[in-house]
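Residue numbers (my numbering): 3 to 671.
Notes for the one structure printed next.
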Amino acid sequence: MDLIAPNPLNRQFEAKTLLVILLCSGLAAFGGYRLYSDLDSGGLVHQGKTMARVERREARVRYKTPASFVWETVEQDQSLYEHESVQTGHASAAVIRMSGGATLELGENSLIVLNEVDNLALNFVKGSAVVHESSGDRQISMSKDGKVSVEKLNIRLLNPGPLAEYFVSGGEAKSIQFEWDKPGEFFVEVSRDRTFSAARTDRIPADAGKKTFAAKSLAVGNYYWRVTGAEGTHSQVRALRVSTASPLQLLSPSAMERVRAFGDVADLQFRWMPSQTSLATNPDVRHQLEISADPAFKKVEETQDVFPNSGNAIVRTAASGSLFWRIRSHYGDLVLSSPVEKFTLERTDKVLLELLRPAENDQLALGAPVRFTWNANAGDLEYAWEIQDSKGTRLATSKGPVPGTLWKDTGPGAYRWRVVASWNGKSVGESSWRPFSISSGSPLVLLTPAKDEKFVFWEKELPLSFRWQKDALLERPEYSYVIEVAADREFKGTLLTKTSRAPQLAEATIPPSAIPDEPRAFFWKVKVTDSSGKIVKTSEPLSFFYGRYPRLAAPQSVMPAAIFNLRDDKKVPLIEWAAVEGAKGYEVSVFRIEPKNNGRGPAAEQVIVKQLVPDAKFEFSKLPVGKYHWNVRALDRIDRPGQPSARGEFEVSYGKPLRAPKVRSAEVQ
Numbered sequence: 003m004d005l006i007a008p009n010p011l012n013r014q015f016e017a018k019t020l021l022v023i024l025l026c027s028g029l030a031a032f033g034g035y036r037l038y039s040d041l042d043s044g045g046l047v048h049q050g051k052t053m054a055r056v057e058r059r060e061a062r063v064r065y066k067t068p069a070s071f072v073w074e075t076v077e078q079d080q081s082l083y084e085h086e087s088v089q090t091g092h093a094s095a096a097v098i099r100m101s102g103g104a105t106l107e108l109g110e111n112s113l114i115v116l117n118e119v120d121n122l123a124l125n126f127v128k129g130s131a132v133v134h135e136s137s138g139d140r141q142i143s144m145s146k147d148g149k150v151s152v153e154k155l156n157i158r159l160l161n162p163g164p165l166a167e168y169f170v171s172g173g174e175a176k177s178i179q180f181e182w183d184k185p186g187e188f189f190v191e192v193s194r195d196r197t198f199s200a201a202r203t204d205r206i207p208a209d210a211g212k213k214t215f216a217a218k219s220l221a222v223g224n225y226y227w228r229v230t231g232a233e234g235t236h237s238q239v240r241a242l243r244v245s246t247a248s249p250l251q252l253l254s255p256s257a258m259e260r261v262r263a264f265g266d267v268a269d270l271q272f273r274w275m276p277s278q279t280s281l282a283t284n285p286d287v288r289h290q291l292e293i294s295a296d297p298a299f300k301k302v303e304e305t306q307d308v309f310p311n312s313g314n315a316i317v318r319t320a321a322s323g324s325l326f327w328r329i330r331s332h333y334g335d336l337v338l339s340s341p342v343e344k345f346t347l348e349r350t351d352k353v354l355l356e357l358l359r360p361a362e363n364d365q366l367a368l369g370a371p372v373r374f375t376w377n378a379n380a381g382d383l384e385y386a387w388e389i390q391d392s393k394g395t396r397l398a399t400s401k402g403p404v405p406g407t408l409w410k411d412t413g414p415g416a417y418r419w420r421v422v423a424s425w426n427g428k429s430v431g432e433s434s435w436r437p438f439s440i441s442s443g444s445p446l447v448l449l450t451p452a453k454d455e456k457f458v459f460w461e462k463e464l465p466l467s468f469r470w471q472k473d474a475l476l477e478r479p480e481y482s483y484v485i486e487v488a489a490d491r492e493f494k495g496t497l498l499t500k501t502s503r504a505p506q507l508a509e510a511t512i513p514p515s516a517i518p519d520e521p522r523a524f525f526w527k528v529k530v531t532d533s534s535g536k537i538v539k540t541s542e543p544l545s546f547f548y549g550r551y552p553r554l555a556a557p558q559s560v561m562p563a564a565i566f567n568l569r570d571d572k573k574v575p576l577i578e579w580a581a582v583e584g585a586k587g588y589e590v591s592v593f594r595i596e597p598k599n600n601g602r603g604p605a606a607e608q609v610i611v612k613q614l615v616p617d618a619k620f621e622f623s624k625l626p627v628g629k630y631h632w633n634v635r636a637l638d639r640i641d642r643p644g645q646p647s648a649r650g651e652f653e654v655s656y657g658k659p660l661r662a663p664k665v666r667s668a669e670v671q
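Structure representation (structure tokens):
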């Protein structure tokens with residue numbers, strides 16, 4: 003047998019690989035520990051003295067404390083502290099007001115460490131920024147090779163300010179006024195891109211009377227602007243935007259809705275379509291919800307600032323009766339108002355309770371405590387919570403002012419719960435009972451009939467087959483399934499109840515008295531019970547549709563005439579209609595219209611024809627002169643009449659009466 007000697011190079015390679023793995027694992031563990039320590043020990047907490055405040059921000063702007071590895075999003079009006087880093091992303095910018103009064107405009111893709119204004123150039127890491135001081139402006143920028151340059155700016159831009167945003171309604175243009183501090187032969191350059199390419203740049207000369215002013219109307223969009231001189235000098239570049247503003251769309255209370263509130267002062271919920279645009283966070287934009295007793299809002303009962311992104315607000319009011327509400331949106335100097343909605347606020351001595359969790363027919367897993375929560379349309383209430391088992395036995399209760407409670411003594415089974423509200427010791431509201439279940443293992447899953455599955459038939463009723471997933475409890479003989487079918491989701495009127503040991507029920511039928519003439523919704527569920535009949539698990543109800551085929555649609559009239567002239571017409575009076583698919587025949591009804599009391603009073607209608615015909619037409623014979631109306635219904639294969647056609651009217655006459663003879667001579671011959 004040959005023996006292969008170990009290769010010392012392989013041993014060296016394995017040792018190096020092991021060393022690298024250990025080193026990487028150690029670095030990963032150290033990094034994870036440092037990150038955990040950062041989050042747990044207050045690395046995100048601001049330290050040192052306050053250096054600045056964020057006046058405006060655009061898109062992605064974030065900051066980091068010196069002791070942290072984690073970057074956080076910068077919020078509007080946020081304070082920044084000494085040695086903290088601020089970073090802007092692509093198409094992003096920030097305006098920072100330093101504590102000494104200077105203003106810092108940080109451009110896109112920039113990174114700076116905040117320090118004293120005089121040392122900002124030393125702490126500049128990436129990008130560009132403009133510093134505004136009382137002594138003048140300067141621009142700090144870093145080139146690709148890492149060199150920081152500081153340039154003094156001879157022209158100071160005054161208006162529009164940094165990151166200015168203007169608003170228009172619809173497709174209008176906005177007149178923008180540009181101002182700077184030094185008079186001279188200057189031009190304002192406005193461009194769609196930051197490079198000020200000639201094809202996309204407009205040059206506007208300074209106003210002849212005021213050398214530090216120019217104006218131009220701009221359409222909706224993003225722009226960059228600067229001031230340039232004849233010698234090629236130019237100011238800093240600023241961005242501005244013209245945006246389309248629109249009023250918020252109100253949802254509720256909606257037109258003519260009646261709202262009931264408890265007590266003298268009510269907390270009302272108002273909802274609108276949330277705003278998904280940048281206008282929602284612009285500091286120049288604010289929205290006010292107003293409530294008034296008149297549609298012109300001459301006197302405003304309540305006013306409250308709202309946040310458009312939230313989509314709802316709670317307003318406390320003592321008003322009642324017919325009320326109107328709207329949201330006025332202030333987009334800078336543009337004010338838009340939503341359509342006005344009317345509602346009625348009624349005071350009531352009853353509180354409306356809304357049960358939240360557990361939801362109706364929830365299936366919860368055994369083991370964890372169950373939290374119950376609810377809402378009420380009033381405050382300062384005392385709540386009494388109660389839970390019962392499937393037999394109606396009270397298991398637990400609790401009282402208190404908090405709209406929620408925790409139930410720890412859980413066990414498998416079917417339960418129901420409710421809440422009663424009281425005020426000053428008097429009951430003022432009671433919820434309905436809400437069922438739910440707790441089970442061990444996986445919940446019961448129903449298979450067929452599937453949700454909203456349809457079963458339709460003509461003469462003979464269809465048998466139903468129910469199937470569901472097998473439950474592990476049925477491996478023990480003391481458990482069994484109970485299948486229930488009802489016409490309502492609450493199972494108040496159970497139509498079918500069967501017991502089974504197998505996860506299916508075949509050839510089941512609904513009682514004939516409950517079978518509808520047309521398909522309607524039924525509900526089914528499965529429960530697991532023990533030998534004593536106690537429910538230990540229940541499924542969520544599923545709906546299905548069951549019944550005879552719907553009745554046929556109404557025929558469409560194609561009657562050729564509205565007046566039949568028995569003197570001039572050679573043909574027999576005929577009414578016709580479009581054939582209905584699946585019709586076995588048609589039921590024609592003709593009514594004669596006869597005025598009462600010699601033409602005075604309402605007309606009477608008398609059925610003169612009610613006849614079955616095989617085709618989509620009907621001929622009259624010896625029909626007397628008069629006015630008539632008719633309808634027709636299609637008969638299906640089991641002779642059920644369908645929907646009646648639209649009312650058709652016609653008249654049978656002898657034509658127009660002859661004219662009176664003309665007297666040609668008064669002499670009788």
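No residue lacks a Cβ here, since even glycine has one placed at the ideal position from N, Cα and C.
In this text the structure is predicted, and so the values were computed from the model without any measurement.
Spell out the partners DSSP gives PHE215 in its beta bridges.
Answer is GLU181, bridged to PHE215.
Classify THR630 as buried or exposed, calling it buried when 16 or more other Cβ atoms lie within 10 Å of its own Cβ.
Checking the displayed sequence, the identity of residue 630 turns out to be Tyr instead of Thr. TYR630 comes out buried.
Measuring CA to CA, which of VAL261, ASP335 and TRP182 is closest to ARG228?
Residue TRP182 holds the alpha-carbon nearest to the alpha-carbon of ARG228 among VAL261, ASP335 and TRP182.
Buried or exposed (CB count within 10 angstroms, at least 16 for buried), GLN89
It is buried - the Cβ of GLN89 has at least 16 other Cβ atoms within 10 Å.
Buried or exposed (CB count within 10 angstroms, at least 16 for buried), MET275
Classification of MET275: exposed, given that the 10 Å Cβ count is below 16.
Around the Cβ of VAL627, are there at least 16 other Cβ atoms within 10 angstroms (buried) or fewer (exposed)?
Exposed is the call here.
Residue from ASP286, GLY402, THR305 and ALA268 with nearest C-alpha to LEU354:
Among ASP286, GLY402, THR305 and ALA268, the Cα nearest to that of LEU354 is on ALA268.
For the beta strand (DSSP E) holding SER143, just list the boundary residues, first then last.
Start and end: 138-144.
Could you pull out every residue in the same chain whose Cβ sits closer than 6 Å to the Cβ of SER591, ignoring the five residues on either side in sequence?
Only residues of its own chain outside the window of five on either side were considered, and among them LYS612 and ASN633 have a CB closer than 6 Å to the CB of SER591, listed in chain order.
Report yes or no: do the region 472-480 and the region 497-509 share at least 3 C-beta pairs separated by less than 8 Å?
Proximity of the region 472-480 to the region 497-509 meets the contact definition, three or more beta-carbon pairs being nearer than 8 Å.
Does DSSP put TYR38 in a helix, a strand or coil?
For TYR38, the pLDDT reaches just 48, beneath the cut-off of 50, and the residue's location in the model is therefore unreliable, leaving the point undetermined.
Inter-residue Cα distance where the pair is ALA232 and PRO207:
Here the alpha carbons of PRO207 and ALA232 stand approximately 11 Å from one another.
Answer yes or no: do PRO249 and SER101 have a C-beta to C-beta separation smaller than 8 Å?
Annotated as distal: PRO249 and SER101, with beta-carbon spacing of 8 Å or more.
Buried or exposed: where does PRO360 fall if 16 or more other Cβ atoms within 10 Å of its Cβ makes it buried?
Looking at its Cβ environment, which holds 16 or more other Cβ atoms inside 10 Å, PRO360 is buried.
Going by alpha carbons, who is nearest to GLU480 out of ARG522, ALA488, THR511 and ILE537?
It is ILE537 whose Cα lies nearest to the Cα of GLU480.
What residue does the beta strand (DSSP E) around ALA386 start on, and which one ends it?
Per DSSP, the unbroken beta strand (DSSP E) holding ALA386 starts and ends at 384-391.
With contact counted as at least three CB pairs below 8 Å, one residue from each stretch, are the region 379-393 and the region 406-418 in contact?
The region 379-393 vs the region 406-418: in contact.
Rounded C-alpha distance that separates PRO514 from ASP490
C-alpha separation (whole angstroms): 17 Å.
So, helix, strand or coil for LEU116, using DSSP?
LEU116: coil per DSSP, three-state reduction.
For THR197, the nearest candidate out of GLU520, VAL239 and HIS332 (CA to CA):
The residue with the shortest Cα to Cα distance from THR197 is VAL239.
Across which residues does DSSP place ASP307 in a beta bridge pair?
DSSP output for ASP307 lists GLN290 as bridge partner(s).
Look at the Cβ atom of ILE157, then the Cβ atom of LYS176, and state whether they are nearer than 8 Å.
No, they are not a contact pair.
Helix, strand or coil for GLY45? Go by DSSP, reduced to three states.
The predicted position of GLY45 is uncertain, since its pLDDT is 48 and thus under 50; no value can be drawn from it.
Could you check whether the region 448-459 touches the region 543-562, counting it as contact only if at least three pairs of C-beta atoms, one from each stretch, sit closer than 8 Å?
The region 448-459 and the region 543-562 touch, with no fewer than 3 CB-CB distances between them shorter than 8 Å.
Taking just the CA atoms, how far does ASP79 sit from ARG55?
One Cα belongs to ARG55, the other to ASP79, and the distance between them is close to 6 Å.
Output the distance between the C-alpha atoms of GLY148 and GLY129, rounded to the nearest integer angstrom.
GLY148 and GLY129: Cα-Cα distance of roughly 10 Å.
Quick one, which of VAL317, SER441, ASN117 and ALA241 has its alpha-carbon nearest LYS51's?
Of VAL317, SER441, ASN117 and ALA241, the residue nearest in Cα terms is ASN117.
Where do the ends of the beta strand (DSSP E) carrying SER424 lie?
It spans 415-425 - the beta strand (DSSP E) in which SER424 sits, taken as one unbroken run.
Give me the Cα-Cα distance between TYR38 and MET53, rounded to the nearest whole angstrom.
With a pLDDT of 48 at TYR38, under the threshold of 50, the modelled position of this residue cannot be trusted; read the value that follows with caution. Taking the straight line from one Cα to the other gives about 28 Å.
Under the three-state reduction of DSSP, which class applies to ARG642: helix, strand or coil?
Residue state, collapsed to three classes: coil.
Could you pull out every residue in the same chain whose Cβ sits closer than 7 Å to the Cβ of VAL342, ignoring the five residues on either side in sequence?
If you ignore the 5 residues before and after VAL342, its C-beta comes within less than 7 Å of the C-beta of PRO297, PHE326 and ARG328, all in its own chain and listed in chain order.
Close-in-space but distant-in-sequence residues of the same chain around GLY334 (CB under 8 Å, 5 per side omitted)
The beta carbon of GLY334 sits closer than 8 Å to those of GLU167, TYR168, PHE169, ASP286 and VAL287, all from its chain and outside the five residues before and after it, given in chain order.
What are the start and end residues of the beta strand (DSSP E) that includes SER199?
No beta strand (DSSP E) holds SER199; DSSP gives it neither H nor E.
When the distance is taken between beta carbons, is VAL430 closer than 8 Å to ASP307?
Using a Cβ distance threshold of 8 Å, ASP307 and VAL430 do not count as a contacting pair.
Return the bridge partner residues of GLY109 from the DSSP annotation.
Answer is none; GLY109 lacks a bridge partner.
Helix or strand or just coil, what does DSSP make of LEU358?
Three-state DSSP puts LEU358 in a strand.
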